[in-house]
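Position 29 of the sequence shown, counted from 1, bears residue number 29 in this note's numbering, the numbering being contiguous throughout. See below for the structure under consideration.
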Amino acid sequence: MALPQIVIVGAGFGGLAAAKALKNTPAEIALIDRANHHLFQPLLYQVATSALFPGQIGTPIRAILRNQKNTTVILGEVTGVDKTQKCVFVSDADREGVRLAYDYLILATGVTHSYFGHNEFAKFAPGLKTLADAEAIRNMILQAFEQAEAEEDPARHRDLLTFILVGAGPTGVEMAGAIAVLVRSTLKSEFRRIDPVTARIVLVDIAPRVLPPFSEELSKAATQRLEKLGVEVRLGHSVDQIDADGIVVAGERIVSKTVIWTAGVAPSPAGKWLQVETDRAGRVRIQNDLTVPGHSEIFVIGDTASLDQNGKPLPGVAQVAMQQGRYAGKVIHNRIAGKPAPSPFSYFDKGSMAVVGKGFAVLQSGKVQVSGFGAWLAWAAVHLQFLATSSLRLTVFLQWVWTYVTGQRGSRLIVNHHGSEPGKPATDSATKAAVASK
Ligand SMILES: Cc1cc2nc3c(=O)[nH]c(=O)nc-3n(C[C@H](O)[C@H](O)[C@H](O)COP(=O)(O)OP(=O)(O)OC[C@H]3O[C@@H](n4cnc5c(N)ncnc54)[C@H](O)[C@@H]3O)c2cc1C
């Protein structure tokens with residue numbers, strides 16, 4: 001008898017967890033991703049700020065699943081789903097719209113940047129989502145210092161050395177803190193015409209406080225830490241304009257050549273492919289067994305899914321995606337093995353953390369709220385634990401110790417890939433994936 005066909009789209013936190021949960025299932029599994037690597041997104045900001053090499057947070061999906069004989073990894077981009085014919089359409093380097101049939105489908109395609117209707121901002125304010133984005137932002141930051149050093153007119157130094165982060169959620173806060181540490185420790189004695197320590201770092205958000213998912217006390221602690229690092233925190237105003245000369249916020253122009261978008265995300269087009277109900281953000285509304293209403297064979301998980309628990313939508317974080325991936329794998333395994341379905345999905349929140357510069361983090365888990373060095377140690381331990389392989393855990397740990405002690409960084413190369421402007425990100429996703437896989 002033919003084995004059931006399981007197609008998983010996306011090898012991020014959700015898709016990979018689902019594939020691993022199906023390791024012992026008598027089925028043929030196809031895991032499709034448009035990138036050849038699983039990416040540890042929580043440390044992307046460290047690649048963007050030169051702390052880590054790209055290869056320290058990305059692992060080839062094939063390598064992770066090399067011993068999982070029931071799973072085939074396919075490098076390709078899914079462009080649609082036919083629910084009636086039960087197949088997905090996959091495009092790869094030389095073929096378009098290849099049909100791949102499924103008995104069970106798991107969509108775990110994550111999110112992309114959202115400029116809240118201002119797509120014209122994208123050209124001037126790249127976001128941080130892929131390894132290619134992180135390398136492009138690293139290029140921009142390092143290039144700004146090189147341009148300032150080469151610039152003979154000191155009046156222009158300040159504009160060239162102004163770094164703006166739009167969005168004061170965890171990514172914006174972590175980036176702002178990391179840039180501050182980069183300029184005030186690693187780069188401080190390496191230039192002759194400019195003083196990197198004078199670099200201006202501005203964190204802007206319409207929200208009244210930084211890190212909205214955290215408590216007010218932790219938000220306050222993070223703000224104080226940022227200000228101690230020299231970051232200007234400007235809250236309560238939306239950015240009206242982003243262009244080649246910088247931003248306009250609350251009627252004031254801030255001149256900058258380096259604006260980074262850390263504000264919003266929009267889900268993948270999974271809802272459009274399936275033509276099912278979505279929430280206001282466009283995430284697919286799923287049931288508490290993670291399937292789509294009317295289609296018990298289609299699961300949607302992670303950032304691209306919308307599920308309420310205790311009256312609130314689950315957050316778009318790695319833990320939700322991983323727990324949902326494991327759960328979807330278990331439901332499918334039980335069905336194939338003729339076992340009863342597990343009880344409805346329930347998310348167990350282990351807490352949230354964000355780093356603010358060197359040796360300082362905020363941590364919130366249930367009633368526990370901690371900030372400072374202890375929280376940073378906990379953050380480091382948790383992030384090391386969740387890296388995909390033990391070799392990554394070892395190299396990242398050694399790199400962190402080295403950087404902590406010496407202030408030296410992992411990768412400060414400006415690498416301009418063919419086809420992208422110096423210091424600017426490659427634009428289309430295929431190019432991004434290709435660049436990132438190098
Ligand atoms: C900069 C940054 C920092 C973050 N920090 C944290 C943190 O500190 N803690 C935390 O818990 N969460 C953090 N997150 C959020 C966390 O990374 C996400 O919640 C998590 O990755 C969601 O998992 P997912 O499986 O839904 O999607 P993803 O992990 O994004 O995976 C989606 C996968 O689908 C693939 N894909 C997408 N579309 C297609 C297609 N059409 N065809 C083929 N493949 C496709 C992508 O290549 C990707 O591999 C951060 C996110 C970012 C961007």
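Heads up, the beta-carbon is just placed ideally off N, CA and C, and yes, glycines get one too. On a predicted model such as this, the values are computed, not experimentally measured, just so you know.
Under the criterion of beta carbons closer than 8 Å, Val362 and Leu235 do not qualify as touching, at roughly 17 Å.
In the three-state DSSP reduction, Ser114 falls in the strand class (E or B).
Partner residues in the beta bridge of Thr278, as assigned by DSSP, are Val284. In the structure shown, Thr171 falls within a helical segment according to DSSP collapsed to helix, strand and coil.
With distances taken between CA atoms, Arg158 lies nearest to Ile254 out of Ala180, Ile64 and Ile254. A Cβ-Cβ separation of about 6 Å places Ala19 in contact with Leu65 under the 8 Å criterion.
Distances taken from the Cβ of Gly316 to the heavy atoms of ligand 1 include one shorter than 7 Å. For Val300, the CB stays at least 7 Å from every heavy atom of ligand 1. In terms of Cβ geometry, Thr291 and Ile298 form a close pair [threshold 8 Å]. The beta-carbon distance between Trp400 and Ala380, rounded to whole angstroms, is 7 Å. This is short enough to meet the 8 Å contact definition. If the five residues before and after Ser219 are omitted, its C-beta is found closer than 6 Å to the C-beta atoms of Arg209, Val210 and Leu211, all from its own chain and listed in chain order. By the beta-carbon neighbour count (other beta carbons within 10 angstroms, threshold 16), Val405 is exposed. Going by beta carbons, Arg283 and Gly294 fall outside the 8 Å limit.
Excluding residues up to 5 positions away in sequence, Val166 and Gly167 lie with their Cβ nearer than 6 Å to the Cβ of Ala263 in the same chain.
In the three-state reduction of the DSSP assignment, Leu187 falls in the coil class, being assigned neither a helical nor a strand state. With distances taken between CA atoms, Pro267 lies nearest to Gly316 out of Trp261, Val239, Gly316 and Gly169.
Its chain contains Ala178, Thr403, Arg409 and Gly410 as the residues whose beta carbon lies nearer than 7 Å to that of Ala51, once the 5 sequence neighbours on both sides are disregarded; these appear in chain order. Within the region 338-403, the complete alpha helix (DSSP H) segments of 4 residues or longer fall at 373-386, listed in chain order. If you look at Arg200, you'll find it isn't in any alpha helix (DSSP H); it sits in the beta strand (DSSP E) that goes Arg200 to Asp205.
In this structure, ligand 1 has no non-hydrogen atom nearer than 7 Å to the beta-carbon of Ala328. In this structure Pro196 is buried. Its beta-carbon is surrounded by 16 or more other beta-carbon atoms within 10 angstroms. The residues Asn288 and Asp289, in chain order, have a CB closer than 7 Å to that of Pro344 in the same chain once the five nearest residues on each side in sequence are set aside. Counting along the chain, Pro154 sits inside the alpha helix (DSSP H) bounded by residues Pro154 to Leu160.
Looking at the DSSP output, Phe214 shares a beta bridge with no other residue.
For Arg99, the pairing in a beta bridge is given by DSSP as Phe89.
Across the structure, Leu142 and Ala250 are spaced so that their CA atoms are roughly 28 Å apart. Sorting Asp133, Ala27 and Val47 by C-alpha distance to the C-alpha of Ala2 places Ala27 at the top. Here Asp94 is actually not in contact with Gly76; their C-beta atoms are around 11 Å apart, not less than 8 Å. In this structure, DSSP gives Leu142 a helical state, which the three-state scheme calls helix. DSSP places Gln241 in the strand class (E or B) of the three-state scheme. In terms of Cα proximity to Gln85, the closest of Gly55, Asn70 and Leu105 is Leu105.
In the pairwise beta carbon analysis, the region 369-380 is classified as not touching the region 3-14: fewer than three pairs are separated by under 8 Å. If you compare the alpha carbons of Thr186, Arg99, His38 and Val248 with that of Val7, the shortest gap goes to Arg99. The bridge partners DSSP lists for Asp33 are Leu75.
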